[in-house]
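Working notes, beginning with the structure itself.
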Amino acid sequence: MRLQAHKLHLDWPNELPVDHLRSWLLSEIKKFGVPLRWAITDISHFESDDFRKITLEFVVVH
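For the sequence shown, the working numbering assigns the number 11 to the initial residue and increments by one for each residue that follows.
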């Protein structure tokens, strides 16, 4: 078993409501392995472009 740490910057789709955010983030993390721990470390919202960006830091098991 191997642990790997990652940092991921994602564009948060405007059509994705907050109550679906957790399942979407976990599906993105699972592309790297089985999630052990994860955290949202930054959220940026650019009102001029109505654009959101989210940063995740996570550890997965391989």
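The beta carbon of each residue, even a glycine, is placed where N, CA and C say it ideally should be.
Ranked by Cα distance from residue 25, the options 17, 18 and 34 are led by 34.
Of 51, 53, 20 and 52, the smallest CA-CA separation from residue 37 is found for 20. Shown here, residue 66 sits in a strand according to DSSP, grouped into three states. 66 is the residue among 59, 60 and 66 whose C-alpha sits nearest the C-alpha of residue 53.
Taking residue 49 as the centre and dropping the five residues before and after it, the same chain places the C-beta of 67 closer than 6 Å to its C-beta, in chain order.
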